[in-house]
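Engineer:
4 protein chains.
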Amino acid sequence: MKKLSIGVAGLGRIGKIHLDNLIELSNVKVIGVMDPDSVALNYAKEKGVKSTFKTFDELVNIDQLDAIVICTPTNTHANYVEISAKLGKQIFCEKPLDLDIQRVKDVLNVVDKSKVKLMIGFNRRFDNEFRKVKTSINNGEIGNPHIVKITSRDPSPPPLEYIKNSGGLFLDMTIHDFDMARFIVDKEIDEIYVKGEALIDEKIKKAGDIDTAVIIIKYIDSTIAIIDNSRKAAYGYDQRIEVLGSKGMIQANNVKVDNNKLYNQNGIMSSLPMEFFLERYMEAYKIEIQHFVDSVINNKPISVTGFDGLKSLQIGLAAKKSLLENRPVKINEID
Amino acid sequence: MKKLSIGVAGLGRIGKIHLDNLIELSNVKVIGVMDPDSVALNYAKEKGVKSTFKTFDELVNIDQLDAIVICTPTNTHANYVEISAKLGKQIFCEKPLDLDIQRVKDVLNVVDKSKVKLMIGFNRRFDNEFRKVKTSINNGEIGNPHIVKITSRDPSPPPLEYIKNSGGLFLDMTIHDFDMARFIVDKEIDEIYVKGEALIDEKIKKAGDIDTAVIIIKYIDSTIAIIDNSRKAAYGYDQRIEVLGSKGMIQANNVKVDNNKLYNQNGIMSSLPMEFFLERYMEAYKIEIQHFVDSVINNKPISVTGFDGLKSLQIGLAAKKSLLENRPVKINEID
Amino acid sequence: MKKLSIGVAGLGRIGKIHLDNLIELSNVKVIGVMDPDSVALNYAKEKGVKSTFKTFDELVNIDQLDAIVICTPTNTHANYVEISAKLGKQIFCEKPLDLDIQRVKDVLNVVDKSKVKLMIGFNRRFDNEFRKVKTSINNGEIGNPHIVKITSRDPSPPPLEYIKNSGGLFLDMTIHDFDMARFIVDKEIDEIYVKGEALIDEKIKKAGDIDTAVIIIKYIDSTIAIIDNSRKAAYGYDQRIEVLGSKGMIQANNVKVDNNKLYNQNGIMSSLPMEFFLERYMEAYKIEIQHFVDSVINNKPISVTGFDGLKSLQIGLAAKKSLLENRPVKINEID
Amino acid sequence: MKKLSIGVAGLGRIGKIHLDNLIELSNVKVIGVMDPDSVALNYAKEKGVKSTFKTFDELVNIDQLDAIVICTPTNTHANYVEISAKLGKQIFCEKPLDLDIQRVKDVLNVVDKSKVKLMIGFNRRFDNEFRKVKTSINNGEIGNPHIVKITSRDPSPPPLEYIKNSGGLFLDMTIHDFDMARFIVDKEIDEIYVKGEALIDEKIKKAGDIDTAVIIIKYIDSTIAIIDNSRKAAYGYDQRIEVLGSKGMIQANNVKVDNNKLYNQNGIMSSLPMEFFLERYMEAYKIEIQHFVDSVINNKPISVTGFDGLKSLQIGLAAKKSLLENRPVKINEID
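Protein chains in written order, with this note's numbering: chain A, 10 to 344; chain B, 10 to 344; chain C, 10 to 344; chain D, 10 to 344.
Written out as structure tokens, the structure is:
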């Protein structure tokens, strides 16, 4: 069996996760990595990766490279995807492709023409808890979905520097929930209304962003979704989905650190949800990258496409417009 | 100890509950009831009530009557409250006072001048689960409230005839949630946006109403609330509240029929929430009417005032306007 | 409809509960009460009971008295039941009839001859949570029962004075669990082995009793039960049952004070079980006494008979013997 | 850093798990494996293990071998441990060392003299849920332990052939619970009483074994433990611990397949516990073997010693004696 030769570009937090998971796959050979930082490259060397580079060009131009996993900063994504596509490399790219919708469309055109596969890193689609919700809905266990509720809260805000360049809460955080809203019931979104505030940190407000938001989504068929976001839930990372349908309701609840319960005179104490996305979605990242590898090797459809990335961005931009203008915004107003 | 002499007007479902609860209070004497229906009057007679009448005037004009509990149809409330107030009777009236905001204001003026007490029947304020949420917030256990979430779903829609006269979902059902939204964090509401659909029953649509709704509320201080409603949750009556604050989160969950769990090869089955409001709020009704009686006897402030009734109506009308015009509506647009 | 004329003897904690519940029944008239204490009698007078007595004889000899509810101290039970039976009064008596097995047998003989009904106050049989476990088993939902587990723990030990006269943990506390063990699977017990210690309070040990115990019961058909007891669970009253069967498992869990959950950085806190038996079994007491009244009025079988009382006592005495001799004891060794 | 050179003997279900986990450790080199079956050896070859043998002698005699992991059939353990110890190899051996207590003592003597480390494979000690219970107890969160309750049930019985050679339920299954009982409160056991039956399968009875058991354990300090076992819980693998102490109670509950809840008109369905020990204890196996490796490399004490293996066997044999003679048996009766 021929192994898939893969390169990993960008060895930050997510890049290292993908690298580790790829190394464990028996049908993959990680033949090179790229990162401007020597310490990061050493991490890969210790894991047995032979070729390490400081520039993307060096990595992507390795002849025998079949596929590339792009985990570099957001503002490089579009460029690197275009380069890779033109070289005929299969592409996994972390979200988002770009914050500019026209740029994303252009990149997707290049990818289309090059006939390579492009997968976008919406890892939550591969989470066991959420997958089972989707399966339950697909199996008709709750009938027709009427109300989708997504709770998505971080344990603490990212650094201010990050917020200033991320495109703001709707593009750096809620974008996952927008994708989930489409994924979980397999329907496109028609209109969005948001209400957002900076209730947690004055500095976030000064940086032009919000930290608390609630969102109403109308799908094209009148199903409704609600999302609520916070950049800081004191009790930790909160990731829940609830879907009410004509025949019942299905809930994905938080995954706790453990299932212990301590009873004393003050009450019954149980443990908190897993600390943050690295813990909660550890398994999802494994399944995600495995899906990419399998799709490439067996030439099967990718389940999170460039189009999915485009839609989430479009919804995110509509959300920003809604916040600014305090009115419901049709998704197709963003073009 | 002198007992409070009370009359109960209207012996429908709620009227009977109040009658039963009043009879059990040691500081109350139910001296008369009124209902156009003889069967209903017999119900009271069997409970030991001596004076039974077919008209409100007969009941309210009993000299020794201290207080009146009004549970007649909505369209009689305003009139009966005015009559009672002018006669100097203390008043408990089921919500809403009226569906017309000017009429409500006029009635409240009459009540104000007459110096009698008026309590509006928002029973959920007296529910143990919700009370403890409020207490927890008051005690600072979750810090400053950021996001309030209210889930309120009925097990099945009311009769179509009821819907046609009720003022619609926002005035017959969500009005409880509007009151709860104000009550739970003790803040006034500034603006509302709703999205509603008739997803459950075509006939509800034809009757000009909706059966599924989600609502975003902005309080005057930027706290945000979400309400989600359904006229039919297949699994029963769903009454939950969740408040996220700067220091934590507090949840009031459903009260189940029992706490049993059945494990078999298909999964772990637990019991459904209590069937409907009569079961779920049985204790709340007792505490509610006891609060009215105590307030009157000890001349203490009523905790659910005519003003509270007015505000809920105003919010309900703002919700209707938002649905119609698909835009956020300021509460003070309704006047 | 003729009302049942009932007298209540003994107005301690339990006597008052029965009195209150009887007063609310529409087919009952409480025509008299008895207690040596005037304050207790005043309690009844305020509730509207006309005849109050200081001696049992006065009460039981009222001609029109149909039935008597005996809640006096344990050492009077046998005597009072005999007197009542000979006078042809229907009898409800709190457990136990007596601590001496021969005395109990003699009393049951008298009752048998007099043809009156005798119900023993094992209130837990009427608890909603446990009833549903029994129903589930009866419906075959878990197949054949293999292992029954009963957890029964008090929030704090009774007064030492009580312990000295109660017959000890197995007769004052576990006796409820012995009855439950028989009731829940409808099977007689063959053999018992216990292990008990005084781990909570030295004074309990000095009083010749234990405060912590675990018990293995073998039914006549080889089903097995485990009971664990503590006189002091720091987190409150703990009343659970779990039955493993060939097809599944059913659990009755604790009923909590409320269903709230508080999330903060320390964990997720939920509320404690209801404080003690008065709260937890409030509804059960109502259903229990109603069952007695209905059985008498409609001449239907009593569901907790003198025989049930006898069996629990027998098992309790076998438990004491097992503790003393550190060996499994056959129930029929106690005679 | 020098890597520890390890060999794995026996590539059945557990052997493969240890092999996989060892391969992932950066401070380990698996230099050889042994199994009589070629297919099993191929499994190791594909994982990159160079030296594969059909006999234990070949493997253990590799010069550079530092440590050996023994997962061969039970009846070979004692022999292989002795051989390894005499050759100065560090030893990890699956439980039990042997079913004969004298043989175990002899082996432990050999190990003692050879100064090598010996770790016994009680994997549950490394389970996250149970570890946290122990930590909680160590931290004094529940005060002095009074009652320990261990529930341990398999989803289905092992093959009859296995049962015939395993030493029976107490030695093949409960032995884990005996070790847990000692581990969780760090106390030695004084006396045991068991009640066991074959309620699930007649064939198990004919094979001289039982499939359902409850056990009372008295520790040397009068703390009490209860264990309940079943070879077949219809709802799957059930692994719970509950410890009641003077200040509270701590529970380790089952780990479910997921945390979803499905609400419909029949009830609220949640998912079953993880299917069997491979799923439930997957992480525990990793931590276990890592502990062995770390102890060897850093010359630190092993946390599950040969003495622990000896004690569990002794308790298991006492349990068998108790079942046979239907009486409490002192652990030191087994010698």
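For every residue, glycine included, the Cβ atom is placed at its ideal position computed from N, Cα and C. Predicted model only: the values in this text are computed from it and were never measured.
Between Tyr52 (chain D) and chain A, is there a C-beta pair that is closer than 7 Å?
Structural biologist: Counting from one through the fourth sequence, the residue named residue 52 (chain D) turns up at place 43. Closer than 7 Å: no.
Engineer: Are the CB atoms of Ser267 (chain A) and Lys214 (chain D) nearer to each other than 7 Å?
Structural biologist: Position 258 of the first sequence, counted from the first residue, corresponds to residue 267 (chain A). Position 205 of the fourth sequence, counted from the first residue, corresponds to residue 214 (chain D). Checking the sequence shown, residue 267 (chain A) turns out to be Asp, not Ser. No, these two residues do not count as a Cβ contact at 7 Å.
Engineer: Is the shortest distance between the beta-carbon of Tyr290 (chain A) and the beta-carbons of chain D less than 7 Å?
Structural biologist: In the first sequence, residue 290 (chain A) corresponds to position 281, counting from 1. Taking Cβ atoms only, chain D never reaches closer than 7 Å to Tyr290 (chain A), which makes this a no.
Engineer: Using 10 angstroms around the beta-carbon of Val194 (chain C), count the other beta-carbons present and answer buried if the total reaches 16, otherwise exposed.
Structural biologist: One-based indexing of the third sequence puts residue 194 (chain C) at position 185. Buried, since its Cβ has 16 or more Cβ neighbours within 10 Å.
Engineer: Buried or exposed for Phe301 (chain B), going by 16 or more other Cβ atoms inside 10 Å?
Structural biologist: For the purposes of this step, residue 301 (chain B) is taken as residue 292 along the second sequence, with counting starting at 1. Counting Cβ neighbours within 10 Å, Phe301 (chain B) comes out buried, since at least 16 surround it.
Engineer: Taking the alpha helix (DSSP H) that Ile151 (chain B) belongs to, which residues open and close that run?
Structural biologist: Position 142 of the second sequence holds residue 151 (chain B). Neither: Ile151 (chain B) is in no alpha helix (DSSP H) and is coded neither H nor E.
Engineer: For a quick check, are the C-beta atoms of Val313 (chain A) and Gln99 (chain A) less than 7 Å apart?
Structural biologist: Reading the first sequence from its first residue, position 304 is the one you call residue 313 (chain A). Reading the first sequence from its first residue, position 90 is the one you call residue 99 (chain A). In this structure, Gln99 (chain A) does not lie closer than 7 Å to Val313 (chain A) by Cβ.
Engineer: Looking at C-beta atoms only, is the number of pairs between the segment 267-286 of chain B and the segment 233-246 of chain B that lie closer than 8 Å three or more?
Structural biologist: Touching, per the Cβ criterion.
Engineer: Specify, as a first and last residue, the run of the alpha helix (DSSP H) that Glu170 (chain B) falls within.
Structural biologist: The count along the second sequence starts at 1 and reaches residue 170 (chain B) at position 161. First-last of the alpha helix (DSSP H) with Glu170 (chain B): Leu169 to Ser175.
Engineer: Apply the 10 Å Cβ neighbour rule to Phe187 (chain A) and answer buried if 16 or more other Cβ atoms are within range, or exposed otherwise.
Structural biologist: As a first step, residue 187 (chain A) must be located in the first sequence, where it is residue number 178. It is buried - the Cβ of Phe187 (chain A) has at least 16 other Cβ atoms within 10 Å.
Engineer: So, helix, strand or coil for Gln73 (chain D), using DSSP?
Structural biologist: Counting from 1 along the fourth sequence, the entry for residue 73 (chain D) is found at position 64. DSSP places Gln73 (chain D) in coil when its eight states are reduced to three.
Engineer: With 16 as the cutoff for other CB atoms within 10 Å, does Thr183 (chain D) come out buried or exposed?
Structural biologist: One-based indexing of the fourth sequence puts residue 183 (chain D) at position 174. Looking at its Cβ environment, which holds 16 or more other Cβ atoms inside 10 Å, Thr183 (chain D) is buried.
Engineer: Taking beta-carbon pairs under 7 Å, can you tell me which members of the segment 219-236 of chain B lie near chain A?
Structural biologist: Those residues of the segment 219-236 of chain B that come within reach of chain A (Cβ to Cβ, closer than 7 Å) are Thr221, Val223, Ile225, Lys227, Ser231, Ile233 and Ile235.
Engineer: Strictly under 7 Å for the Cβ-Cβ distance: is Tyr272 (chain C) near chain D by that measure?
Structural biologist: Against the third sequence, residue 272 (chain C) aligns to sequence position 263. No, its Cβ sits nowhere closer than 7 Å to a Cβ of chain D.
Engineer: Could you name the residues of chain G that Val39 (chain B) contacts, counting a contact when the two beta carbons are closer than 7 Å?
Structural biologist: You won't find chain G in this structure, because its protein chains are A, B, C and D.
Engineer: Check the Cβ-Cβ distances between Glu284 (chain B) and every residue of chain C, and say whether any is below 7 Å.
Structural biologist: Indexing the second sequence from 1 puts residue 284 (chain B) at position 275. Cβ-Cβ to chain C under 7 Å: no for Glu284 (chain B).
Engineer: Nearest-angstrom Cα distance between Thr232 (chain A) and Ile236 (chain B)?
Structural biologist: Along the first sequence, one-based indexing puts residue 232 (chain A) at 223. Along the second sequence, one-based indexing puts residue 236 (chain B) at 227. The alpha-carbon atoms of Thr232 (chain A) and Ile236 (chain B) are separated by roughly 16 Å.
Engineer: Could you tell me which residues DSSP pairs with Gln260 (chain A) in its beta bridges?
Structural biologist: Here residue 260 (chain A) corresponds to residue number 251 of the first sequence, with the count starting at 1. Its beta-bridge partners are A:Glu251 and D:Lys270.
Engineer: Quick check on Ile298 (chain A) - is its C-beta less than 7 Å from some C-beta in chain D?
Structural biologist: As a first step, residue 298 (chain A) must be located in the first sequence, where it is residue number 289. It does not; no Cβ of chain D falls within 7 Å.
Engineer: To which residues does DSSP link Ala222 (chain C) through a beta bridge?
Structural biologist: Your numbering for residue 222 (chain C) matches position 213 in the third sequence. DSSP output for Ala222 (chain C) lists C:Gly205 and C:Asn238 as bridge partner(s).
Engineer: Tell me the rounded alpha-carbon separation between Asn263 (chain D) and Arg133 (chain D).
Structural biologist: Within the fourth sequence, residue 263 (chain D) is the residue found at index 254, counting from 1. Within the fourth sequence, residue 133 (chain D) is the residue found at index 124, counting from 1. Taking the straight line joining both Cα atoms gives about 13 Å.
Engineer: Output the boundary residues of the beta strand (DSSP E) element that contains Thr83 (chain A).
Structural biologist: The sequence position of residue 83 (chain A) within the first sequence is 74, counting from 1. Premise fails: Thr83 (chain A) lies in the alpha helix (DSSP H), Thr83 to Lys95, not in any beta strand (DSSP E).
Engineer: Tell whether a beta-carbon distance below 7 Å holds between Ala94 (chain A) and Asp107 (chain A).
Structural biologist: Locating residue 94 (chain A) in the first sequence gives position 85, counting from the first residue. Locating residue 107 (chain A) in the first sequence gives position 98, counting from the first residue. For Ala94 (chain A) and Asp107 (chain A), no; Cβs fall outside 7 Å.
Engineer: Would Ala261 (chain C) and Val157 (chain C) be called neighbours here (beta carbons separated by less than 7 Å)?
Structural biologist: Position 252 of the third sequence holds residue 261 (chain C). Position 148 of the third sequence holds residue 157 (chain C). No, these two residues do not count as a Cβ contact at 7 Å.
Engineer: Are the beta-carbon atoms of Val203 (chain D) and Ser331 (chain D) separated by less than 7 Å?
Structural biologist: Position 194 of the fourth sequence holds residue 203 (chain D). Position 322 of the fourth sequence holds residue 331 (chain D). Yes, these two residues count as a Cβ contact at 7 Å.
Engineer: Determine whether the Cβ of Met278 (chain C) lies closer than 7 Å to any Cβ atom of chain A.
Structural biologist: The sequence position of residue 278 (chain C) within the third sequence is 269, counting from 1. With 7 Å as the cut-off, Met278 (chain C) counts as an interface residue toward chain A.
Engineer: Tell me the DSSP secondary structure of Ser304 (chain A) in three-state form.
Structural biologist: One-based indexing of the first sequence puts residue 304 (chain A) at position 295. Ser304 (chain A): helix per DSSP, three-state reduction.
Engineer: Relative to the C-alpha of Ile225 (chain D), which candidate in D:Leu34, D:Ser145, D:Ala327 and D:Asn137 has its C-alpha closest?
Structural biologist: Sequence index remark: in the fourth sequence, residue 225 (chain D) carries index 216 (1-based). Here the closest residue by C-alpha is D:Ala327.
Engineer: Ordered along the chain, which non-local residues of its own chain (more than five positions away) have a Cβ less than 8 Å from that of Leu34 (chain C)?
Structural biologist: The sequence position of residue 34 (chain C) within the third sequence is 25, counting from 1. Same-chain partners within the cutoff: Ile298, Gln299 and Val302.
Engineer: For Asp163 (chain B) and Ile219 (chain B), what's the separation of their Cα atoms in angstroms?
Structural biologist: Locating residue 163 (chain B) in the second sequence gives position 154, where the first residue counts as 1. Locating residue 219 (chain B) in the second sequence gives position 210, where the first residue counts as 1. Distance between the alpha carbons of Asp163 (chain B) and Ile219 (chain B) is about 13 Å.
Engineer: Any idea if Ile129 (chain D) is buried or exposed, counting beta-carbon neighbours within 10 angstroms, 16 or more meaning buried?
Structural biologist: Looking up residue 129 (chain D) in the fourth sequence gives position 120. Ile129 (chain D) should be labelled buried.
Engineer: Distance, Cα to Cα, Glu206 (chain B) vs Asp109 (chain B)?
Structural biologist: The residue you call residue 206 (chain B) lines up with position 197 of the second sequence. The residue you call residue 109 (chain B) lines up with position 100 of the second sequence. Going by the C-alpha atoms only, they are around 24 Å apart.
Engineer: At what residues does the beta strand (DSSP E) containing Thr61 (chain B) begin and finish?
Structural biologist: If you number the second sequence from 1, residue 61 (chain B) lands on position 52. Looking at the DSSP string, the run of the beta strand (DSSP E) that includes Thr61 (chain B) is Ser60 to Phe62.
Engineer: Can you confirm whether the segment 56-70 of chain B touches the segment 41-48 of chain B when touching is taken to mean that 3 or more C-beta pairs between the two stretches lie within less than 8 Å?
Structural biologist: Cβ pair count under 8 Å is three or more, so yes.
Engineer: State the Cα-Cα distance for the pair Glu342 (chain B) and Ser321 (chain B), rounded to the nearest angstrom.
Structural biologist: Here residue 342 (chain B) refers to the residue found at position 333 of the second sequence. Here residue 321 (chain B) refers to the residue found at position 312 of the second sequence. Taking the straight line joining both Cα atoms gives about 14 Å.
Engineer: Which full runs of the alpha helix (DSSP H) of 4+ residues lie inside the segment 17-47 of chain A, going along the chain?
Structural biologist: Listed in chain order, the complete alpha helix (DSSP H) runs (minimum 4 residues) inside the segment 17-47 of chain A are 22-32.
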